[in-house]
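Protein chains in written order, with the working numbering: chain A, 98 to 400; chain B, 54 to 547.
Structure, rendered in structure tokens:
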């Protein structure tokens, strides 16, 4: 009596079922959260702006595919994280940015910051923030034309009203202008259970409080520049921020203080991306201080 | 599919087979009774080819301490003891019995006469009953371990948090008297003052049945355990019921609790009343590829194919068969799998479900930490295990991992975190062993690392140089390093 294996039966270790949420579905939800800001860009800046956002996403995904190919690694473009990075980069740049500059930012973010460090999950700073900052430090003359609310404020000129800033009817970067759309995004992501509202709120509050103590208008500073964009998408990016809620709140408070320090004490108009990147670097230390306390903390046997 | 709640996974409570009475299966043409049910077991067959066997007849005695005797699950003619090459555990022996369909009862099967503790233990030893859910540990071993220790309470584990599986609920529902009597018998014999029957909160009918049966019994209490995976784990269950935490490496008996499966005490009470040893197992047969999902009482040694036939055959081509629950069960590679004493379900799916094939990078979402019943952070433990940082693993309390696999289940990157956790634990036990007993025990502890996958085996190859140095003489340490180095290269070539 000899049995035989059934070639149709697959064998794998447990578990045999899996939660339905995977990386791609998380990234898809993040992309969905960017839709209100994209629609606002379409209405406010015109079709060219939306085209740039789409182009940036496509460029990022194709750059990721090519890099992975060259590095002989498995293709990962399907997880959509490159598309998220692409959209965020376009959001942080002016709506009329030249395509070559957009491509340069995408290249720096995807190839240098993300893929050369090992791809998704291994980048130690936010790729979108780093990509845009690379452009900022290289081509600040081309990027800053002196008409955004923060630059007006920096030059002691009249700034738009709080209502204009909240709805986004001002000049500014493609995805950053409308605080309302970005607040919607943060609320949507929290409702999906992907992020919680603690970090975004802590960041906005930290910027407001810092501004208040430095003697500036807290409402203006919370609504101006990239604060709301970073609150919705950057201070709660799981890869580059601390693991626990407590850690992310500390991270966000640090970001807020740094944002205001850079805005006030440096000639650089918006400190948000620098603040995020500087705090990204201390994330491992925050993680060490704020880990979840294990249920069992005794010494293990035999030690 | 599932919501994640602090410290566990909540699966939908609806099960297709819930409330389905356990149907005794028609006796198959042949049964193949495994002669080895767990590693290290030795059985001594006492019947030979051509012998006539009856239902409940002793056919193999326990040949090593950790195993329970085996009784015939059918009446018929013993054909041979042979190997079935298709089984997962290749080369194991099966006693093949051709059935006659009459299910003639062995005259030896009669209620045991028990006058004292010794006779009770001997009767339980002879019953072949194993504790369900505990890797087929004989019930008598569990009782002997608890005897003499100051046991505060007997905890009856009646939880069933995994999807699909409903036999435990059905067994409790069908035999609430047996559950009560079995619990009381064990308490009386071991002098345990109180008994806690813990039932999953989803089993409404079972709860009401038990409640009415234990109404007058002041020593027994019923607990409805909130329904989450892995509520059936000893450590989690004790923590849920008492708030006390079982340290890793300790058995519940060390803390004054004896935990037994609800189905175990039901079988025990049945044995004490009728004398029928453990010859059959109730299974939930479910999955999208089964025509008629139902709860089945199958003779031990029945092939999976026969059970499937009893359940109307396959509705869709089966691509995956799982013995046990979908989260912790194991996939079988052949329909000629013989039902063992400990199986709780047979699930047949038309989809492949091989999550490990699509593993991608960790994005740090911390779902794994959110669902960990021990509040561990598998993400960081995995990272520390890859770099072999034992101090970090100790800081993260990796040793308290329960191997429940909840982290593997939730991971959106589909990382087999459970395997990484096992590897992390092996690193710790490896280090502890090296300190305590020298290289010998450490070498033994390295072996499980092989299962932890590519990263694991490479690390196991490159790691031991440090241990070699601490072992003492320079020549021996050089030897260790050389041989391990070769092993490491071999690993990498693959």
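Built from N, CA and C at the ideal position, the CB exists for glycine as well.
Closer than 9 Å to chain B by CB, residue i
i: residue 390 of chain A; result: yes
i: residue 268 of chain A; result: no
i: residue 336 of chain A; result: yes
i: residue 393 of chain A; result: yes
i: residue 112 of chain A; result: yes
i: residue 233 of chain A; result: no
i: residue 123 of chain A; result: yes
i: residue 295 of chain A; result: no
i: residue 314 of chain A; result: no
i: residue 347 of chain A; result: no
i: residue 341 of chain A; result: yes
i: residue 209 of chain A; result: no
i: residue 237 of chain A; result: no
Where residue i meets chain B, residues with beta-carbon distance less than 9 Å
i: residue 106 of chain A; result: 371, 372, 373, 374, 384, 385, 386, 387 and 388
Close-in-space but distant-in-sequence residues of the same chain around residue i (CB under 8 Å, 5 per side omitted)
i: residue 134 of chain B; result: 88, 98, 102, 146, 147, 148 and 149
i: residue 526 of chain B; result: Its pLDDT being 37, under 50, residue 526 of chain B is placed unreliably by the model, and the measurement read from it follows with that caveat. Cβ neighbours of residue 526 of chain B beyond the five flanking positions: none.
Cα-Cα separation, residue i to residue j
i: residue 66 of chain B; j: residue 113 of chain A; result: 18 Å
i: residue 131 of chain B; j: residue 291 of chain B; result: 44 Å
i: residue 143 of chain A; j: residue 454 of chain B; result: 55 Å
i: residue 328 of chain B; j: residue 183 of chain B; result: 15 Å
i: residue 349 of chain A; j: residue 217 of chain B; result: 43 Å
i: residue 344 of chain A; j: residue 372 of chain A; result: 16 Å
i: residue 448 of chain B; j: residue 259 of chain A; result: 49 Å
i: residue 284 of chain B; j: residue 278 of chain B; result: 8 Å
i: residue 266 of chain A; j: residue 209 of chain A; result: 35 Å
i: residue 226 of chain B; j: residue 235 of chain B; result: 15 Å
i: residue 398 of chain B; j: residue 122 of chain B; result: 23 Å
i: residue 297 of chain B; j: residue 174 of chain A; result: 47 Å
i: residue 206 of chain A; j: residue 312 of chain A; result: 35 Å
i: residue 251 of chain B; j: residue 116 of chain A; result: 27 Å
i: residue 138 of chain A; j: residue 185 of chain A; result: 13 Å
i: residue 198 of chain B; j: residue 458 of chain B; result: 28 Å
i: residue 193 of chain B; j: residue 392 of chain A; result: 32 Å
i: residue 232 of chain A; j: residue 202 of chain A; result: 6 Å
i: residue 219 of chain A; j: residue 211 of chain A; result: 7 Å
i: residue 419 of chain B; j: residue 233 of chain B; result: 42 Å
For residue i, the residue or residues it bridges with in DSSP
i: residue 273 of chain B; result: B:248
i: residue 401 of chain B; result: B:374
i: residue 114 of chain A; result: None, per the DSSP bridge assignment.
i: residue 115 of chain B; result: B:96
i: residue 310 of chain B; result: B:206
Below-9 Å beta-carbon distance, residue i vs any chain A residue
i: residue 413 of chain B; result: yes
i: residue 464 of chain B; result: yes
i: residue 218 of chain B; result: no
i: residue 419 of chain B; result: yes
i: residue 430 of chain B; result: yes
i: residue 62 of chain B; result: yes
i: residue 513 of chain B; result: For residue 513 of chain B, the predicted structure reports a pLDDT of 38, less than 50, and the residue's modelled location is therefore unreliable. The matter cannot be settled from this model.
i: residue 450 of chain B; result: yes
i: residue 380 of chain B; result: yes
i: residue 301 of chain B; result: yes
i: residue 427 of chain B; result: yes
i: residue 104 of chain B; result: no
i: residue 115 of chain B; result: no
i: residue 255 of chain B; result: no
Residues that residue i contacts on chain A, provided the C-beta gap is smaller than 9 Å
i: residue 405 of chain B; result: 107 and 109
Beta-carbon proximity list for residue i, same chain, < 7 Å, skipping 5 on both sides
i: residue 106 of chain B; result: 100, 112, 125, 128, 129, 131 and 150
i: residue 569 of chain B; result: This structure cannot settle anything about residue 569 of chain B, because the visible part of chain B is limited to 54 through 547.
i: residue 194 of chain A; result: 149
Chain-ordered chain A contacts of residue i [CB-CB under 7 Å]
i: residue 416 of chain B; result: 120, 217, 218, 335 and 336
i: residue 441 of chain B; result: Correct list: empty, because the minimum Cβ distance to chain A is about 17 Å.
Same chain, Cβ closer than 6 Å to residue i, five either side skipped, listed in chain order
i: residue 170 of chain A; result: none
i: residue 347 of chain A; result: 383
i: residue 73 of chain B; result: 347 and 348
Interface residues of chain B facing residue i [CB-CB closer than 8 Å]
i: residue 173 of chain A; result: 413 and 414
Chain A contact residues for residue i, given Cβ-Cβ distances below 8 Å
i: residue 458 of chain B; result: 111 and 112
i: residue 298 of chain B; result: 392 and 393
Minimum Cβ-Cβ distance from residue i to chain D less than 9 Å
i: residue 303 of chain A; result: In summary, chain D is missing from the structure at hand, where the protein chains are A and B.
Residue i CB to nearest heavy atom of the ligand SAH below 8 Å
i: residue 464 of chain B; result: This structure lacks the ligand SAH; in fact it carries no ligand of any kind.
Cross-chain neighbours of residue i in chain B, by beta carbon under 7 Å
i: residue 176 of chain A; result: 413
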